[in-house]
Amino acid sequence: SVDLKNIEETLIAMAEKGNLCDWKEQERKAAISSRINLGIAQAGVPPIDDAIKNKIAAKVIENTNLTNATFEPNYVQSSVTQIVYSCLFKNEILMNMLEESSSHGLLCLNNLAEYVALQVHNSLFSEDLSSLVETTKNEAHYQS
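For the sequence shown, the working numbering assigns the number 39 to the initial residue and increments by one for each residue that follows.
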């Protein structure tokens, strides 16, 4: 099982150390940007420059109705995702599973971390980013 309480406590502690509004703004940008960048990477298109990434991101943001969203072409992971990984790595049962079946276990870990991070984001921002990767893959194919 995943200790969601640990994730929640870590987020609260982070928020208490700084300005919550600034953190949320940065976290939203990182979550949106990292999912768009993941979609571009998964699209299997030839390498593209930041100008094309920005064009793809603008279209995806428009098509998914993400209001006031910004994109950073170099973001690959949000802090919520990092916290989720950190908490998952503390889970002894999960780590034993990874040792037994490294490639399959790692894929499961990545999927689990993405799922949990997405749920945390959805509850923090009341917006669903679950379609961003697929929408971006389609747009990347169209732009390339």
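All C-beta atoms, glycine included, are put in the ideal place defined by N, C-alpha and C.
- Take the alpha-carbon of Gln115 and the one of Glu100: they are about 22 Å apart.
- No Cβ-Cβ contact shorter than 7 Å links Phe109 with Ser164.
- Counting every other CB atom within 10 Å of its CB across the protein chains shown gives Asn75 a total of 16 or more, marking it as buried.
- By the criterion of at least three beta-carbon pairs nearer than 8 Å, the segment 63 to 70 is in contact with the segment 153 to 168.
- It is roughly 24 Å from the alpha-carbon of Ala53 to the alpha-carbon of Asn112.
- Taking 3 residues as the minimum length, the segment 75 to 143 contains no beta strand (DSSP E) run wholly inside it.
- In the displayed model, Glu47 falls within a helix according to three-state DSSP.
- Taking C-beta separations shorter than 7 Å and ignoring five residues to either side along the sequence, the partners of Val98 in its chain run Ile74, Leu170, Thr173, Thr174 and Glu177, following chain order.
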